[in-house]
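All letters in the sequence shown, in the order written, are residues 1 to 171 by full-length UniProt numbering. Ideal Cβ placement from N, Cα and C applies to all residues, glycine included. Given the structure is predicted, the values throughout are model-derived calculations rather than measurements. What follows is one structure encoded as structure tokens, with my remarks underneath.
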Amino acid sequence: MSDSDRDIIIASAAFIILSQKLKNKRRKRRWWVTNLMHRRKLDNVGETMTDMQKQEESGQFQNFCRMASEDFDHLLSLTSEKIRKSSTNFRDSIPAYDKLAVTLRFLATGDSYESLMYFTKMSKSTICNAISEACAAINEALQDYAKVSKVITFIHTYTPIITTVIISESK
């Protein structure tokens, strides 16, 4: 092997190694919070909802959440402990009121996370997390109010046992 062939191989190997390092290098974020999301403090959903609640006769609140303000307050009192987070030195937490409001809006209208993002000034991932937390809290809080079918209870109870038997028989 000549010196030029060896130099080409070394240069090729160096190129491959450097390109892999650049490819695997984590990209730095350009911003912590986008300008749209930063405006959440200014254009607070909770304040808008509170204003709608105070003007009950207009029906805007009921149209937004598809429930009366008294029912919303009762549901908030049942779920707020489970969906509330504490604020840190870096950022304020999203109030339980806002999380419940965006969840009810999502459940009532089926809007996409993206359309809710522009209204609430929350990121799509934050909305997704808020909705899943609030739905779990609502489910837990309203268990005493909603009765589950005996068939569903049976299936939920015995599915792991049946699955285990089927798997063990197939081996």
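- With a cut-off of 8 Å on Cβ pairs, the stretch 95 to 113 is in contact with the stretch 69 to 87, counting three or more such pairs.
- When the five nearest sequence neighbours on each side are left out, the beta carbons in the same chain lying within less than 7 Å of the beta carbon of phenylalanine 72 are those of Cys65, in order along the chain.
- One thing to note: isoleucine 138 has its Cβ within 8 Å of the Cβ of leucine 75.
- By the neighbour-count definition (other C-beta atoms within 10 Å, threshold 16), arginine 105 is a buried residue.
- For glutamate 114 against lysine 121, the beta-carbon gap comes to about 13 Å, at or over 8 Å, which does not count as contact.
- Distance from the CA atom of cysteine 135 to the CA atom of leucine 22, rounded to whole angstroms, is 41 Å.
- In the structure shown, isoleucine 94 adopts coil according to DSSP, grouped into three states.
- The shortest CA-to-CA distance from isoleucine 131 to any of Asp7, Ser112, Asp144, Glu70 is the one to Ser112.
- In the structure shown, tyrosine 145 adopts coil according to DSSP, grouped into three states.
- Counting along the chain, methionine 122 sits inside no alpha helix (DSSP H), nor does DSSP assign it H or E at all.
- Measuring C-alpha to C-alpha distances from leucine 142 to each of Gly59, Thr79, Leu107 identifies Thr79 as the nearest.
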